[in-house]
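Last residue of the sequence shown: 565 (the numbering used here), numbering continuous.
We put the beta carbon where it would ideally sit given N, CA and C, even for glycine.
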Amino acid sequence: MTTPPRAAAPLARLTRGDWVRVEAAPGTELLAIAPRWTPAEIARTLRVAGDAEESLDNLAARGEAAVLQIRADGSARLLTDANRSFPLFWRRAGSRWEVSDDVRVLASAAGSAPRPDEAAVAQFAGGGLVLGERTLYRDVHRTPPDAVVELGLDGSSSTLRRGRLALPARGAVTEGAEAGALFRDALLEAVATLVAADPGARYLLPLSGGADSRLLAAAFVAAGARDVQCFTYGVRPTAEVEVSRKVAELLGLPWAFVPTPPEEVRSAWREPETARFLGDAYTGAALPHIQDWFALRGLAAQGLLPEDRSRAVVVPGHTAVRTLKDADLLDAPELSREDLVAAIIRRHFSQAGAPRALLRDPVLRAEVEGALDRVGYDGSPLSRARALQSVNIDGRQSTYILNSVRGYESAGLGWAMPMLDLPLHRIVADLDWRLTRDRDWYRAMTDQVFRDTAGPGAEELSFWVPTAVPEERRQQMKAALSRVGLLRLAEHAASTRTNLRHPMAFEAFAPSPARYGAAVALGTTPIGVFSRAFLEGRWNPVFDWRDPMTWGTPEIRDALDPTDG
Numbered sequence: 001m002t003t004p005p006r007a008a009a010p011l012a013r014l015t016r017g018d019w020v021r022v023e024a025a026p027g028t029e030l031l032a033i034a035p036r037w038t039p040a041e042i043a044r045t046l047r048v049a050g051d052a053e054e055s056l057d058n059l060a061a062r063g064e065a066a067v068l069q070i071r072a073d074g075s076a077r078l079l080t081d082a083n084r085s086f087p088l089f090w091r092r093a094g095s096r097w098e099v100s101d102d103v104r105v106l107a108s109a110a111g112s113a114p115r116p117d118e119a120a121v122a123q124f125a126g127g128g129l130v131l132g133e134r135t136l137y138r139d140v141h142r143t144p145p146d147a148v149v150e151l152g153l154d155g156s157s158s159t160l161r162r163g164r165l166a167l168p169a170r171g172a173v174t175e176g177a178e179a180g181a182l183f184r185d186a187l188l189e190a191v192a193t194l195v196a197a198d199p200g201a202r203y204l205l206p207l208s209g210g211a212d213s214r215l216l217a218a219a220f221v222a223a224g225a226r227d228v229q230c231f232t233y234g235v236r237p238t239a240e241v242e243v244s245r246k247v248a249e250l251l252g253l254p255w256a257f258v259p260t261p262p263e264e265v266r267s268a269w270r271e272p273e274t275a276r277f278l279g280d281a282y283t284g285a286a287l288p289h290i291q292d293w294f295a296l297r298g299l300a301a302q303g304l305l306p307e308d309r310s311r312a313v314v315v316p317g318h319t320a321v322r323t324l325k326d327a328d329l330l331d332a333p334e335l336s337r338e339d340l341v342a343a344i345i346r347r348h349f350s351q352a353g354a355p356r357a358l359l360r361d362p363v364l365r366a367e368v369e370g371a372l373d374r375v376g377y378d379g380s381p382l383s384r385a386r387a388l389q390s391v392n393i394d395g396r397q398s399t400y401i402l403n404s405v406r407g408y409e410s411a412g413l414g415w416a417m418p419m420l421d422l423p424l425h426r427i428v429a430d431l432d433w434r435l436t437r438d439r440d441w442y443r444a445m446t447d448q449v450f451r452d453t454a455g456p457g458a459e460e461l462s463f464w465v466p467t468a469v470p471e472e473r474r475q476q477m478k479a480a481l482s483r484v485g486l487l488r489l490a491e492h493a494a495s496t497r498t499n500l501r502h503p504m505a506f507e508a509f510a511p512s513p514a515r516y517g518a519a520v521a522l523g524t525t526p527i528g529v530f531s532r533a534f535l536e537g538r539w540n541p542v543f544d545w546r547d548p549m550t551w552g553t554p555e556i557r558d559a560l561d562p563t564d565g
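Next up, the structure:
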């Protein structure tokens, strides 16, 4: 009888220098990353908890975190917070597991020509992202948000979703005023804690004319932050830019406008060193998030970054209060499970036009069906809302939007997302879902916080909106167009106009501006144009997702092993 080979201990190939490692028990190590904690605090937390899940919850209560549990017997656990702040990756290599905090490490382990995952490539082509645990590389997987991935002794893996996501629910809070007060107090506490932990940092706040960044800026003023720099960027000054400038002025905060002339953006995009940014911002399952990239260069050119860039902390306005897309589906009298699956695929995978093939794709359909099962889909409006938001968070939010922070790291900057701290997730999860169908309560709370903080003149500054048509009138117009079959045509015309004259100079990122215009006019979004160029290796002159020699893969580092001194 042949004895099966003993599984080798998992190999943790980590690239970040801020992992902390402790021995939780004989043969078991816990490793954690939590930038808003000191290494000694992390070590104490890990030792006191002695458990990976409890450690993650304790660390995530004060900011972003991820935890690894490595066992000498050959098994491992990978844990991510509700934002997937630090994506973790794994692959099976012979008789052992390999885990990493950088997809490039594991994808390049196969040699000079990593094998693509064709199902993931198809999703990426349609949506600029991949759902679930797949990456663009066969056999290289990633942790979902708010999950525990168990890597077993026998080479199998399983995933448990932990239920920390702020999904629509029958929450106890039903009044907008109470919801606003709870969220306000938690946010003010989160920002005050952030500032108190590092009072000498320079906090960089991207300001738009909307509610999220306005609320965040007011919170930093309320916290008494000494060094805050607001900035807004665009091709040219616009009405939204002016609203942003006025917000900073009323709050007494310095503000800068960073112009993004298309010709300058295009020239910088084609520089060889931009490939390093793309490698750093790439997580193997979505387009690198590029919108802040040129603006950060502009801030540096204006002398607004500290000499020691690690002393600057970018604080984007990403929030746990998310807009529910396709809200019209909630009240549809006849909506089958198949209808909802198709609607979700169309929502997220129509960047290159109608996703006919993806609507039949068994892998993508299985991911969406799995999301419906996880939220207990029963056909009710509430379960529809939970399914829609679950896929939105798993897909566009945690896979694409929140990975804007990888670009900050590439520029040598710190970052924080206090509006996504775990306590704020818990508050939103406790709101009755009918309250969260819109953001009226949130905008009212933001308006009040801004007025209280900014003082005289604040009541005259409304939120910037792309159209002066009142929301009720807009919905009436959309309903009328829908009845006569013209809604999609009208929406296409509006989006085409926006994308061809986008304030972020999106045309500058396309390999051919002329072809970009033609593609957008035919129904492809900027993300659709960029995704195709990315997959074909034409998005940037140097970076190619298929060629490890162009990735700038970082070196492997040892995790810290601090004492409790």
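- Contact annotation: the segment 121-131 does not touch the segment 159-169, with fewer than three C-beta pairs closer than 8 Å.
- Look at the segment 46-121 and you find these whole runs of beta strand (DSSP E), each 3 residues long or longer: 66-71, 76-80, 89-93, 96-100.
- Under the criterion of beta carbons closer than 8 Å, Asp18 and Ile33 qualify as touching, at roughly 6 Å.
- DSSP places Gly234 in the uninterrupted beta strand (DSSP E) bounded by 228-234.
- Excluding residues up to 5 positions away in sequence, Glu29 lie with their Cβ nearer than 6 Å to the Cβ of Glu23 in the same chain.
- Three or more Cβ pairs drawn from the segment 84-92 and the segment 66-75 lie within less than 8 Å of each other, which places the two stretches in contact.
- When secondary structure is reduced to three states using DSSP, Ser336 falls in the coil class, being assigned neither helix nor strand.
- A direct Cα-to-Cα measurement between Leu364 and Gly279 gives close to 26 Å.
- Three or more Cβ pairs drawn from the segment 309-316 and the segment 404-415 lie within less than 8 Å of each other, which places the two stretches in contact.
- Under DSSP, Pro259 shares a beta bridge with Gly234.
- Around the beta carbon of Pro316, a 10 Å sphere encloses 16 or more other beta carbons of the protein chains shown; the residue is thus reported as buried.
- Short of 6 Å from the beta carbon of Gly209, and not among the five residues preceding or following it, lie these beta carbons of its own chain, in chain order: Glu240, Val243, Ser244, Trp464.
- In the displayed model, Gly279 falls within a helix according to three-state DSSP.
- Between Pro254 and Tyr233, the gap from beta carbon to beta carbon reaches 9 Å or more.
- For Val247, the enclosing alpha helix (DSSP H) stretches over residues 239-251.
- By the Cβ-count criterion, Gln351 is buried, with 16 or more other Cβ atoms from all chains shown falling within 10 Å of its own Cβ.
- For Val368, the uninterrupted alpha helix (DSSP H) segment begins and ends at 362-374.
- In terms of Cα proximity to Ala72, the closest of Arg360, Asn83, Arg170, Ala25 is Ala25.
- Secondary structure of Trp433 (DSSP, three-state): coil.
- The beta carbon of Phe183 sits closer than 6 Å to the beta carbons of Ile427 from its chain, once the five residues preceding and following it are set aside; these are given in chain order.
- DSSP places Tyr408 inside the alpha helix (DSSP H), whose first and last residues are 404-410.
- When secondary structure is reduced to three states using DSSP, Ile33 falls in the strand class.
- Cβ neighbours of Pro418 within its own chain (closer than 6 Å, five residues either side excluded): Ala190, Val191, Leu194.
- With contacts defined as CB atoms closer than 9 Å, Val148 and Leu79 qualify as a contacting pair.
- Separation of the CB atoms of Asn403 and His318 is rounded to 11 Å, and the pair is thereby denied contact status at 8 Å.
- By the criterion of at least three beta-carbon pairs nearer than 8 Å, the segment 421-436 is in contact with the segment 171-182.
- Taking the C-beta atoms as reference points, Arg322 is found nearer than 9 Å to Gln389.
- Closest by C-alpha distance to Ala61, out of Ile42, Ala295, Arg77, is Ile42.
- Counting along the chain, Ala24 sits inside the beta strand (DSSP E) bounded by residues 20-25.
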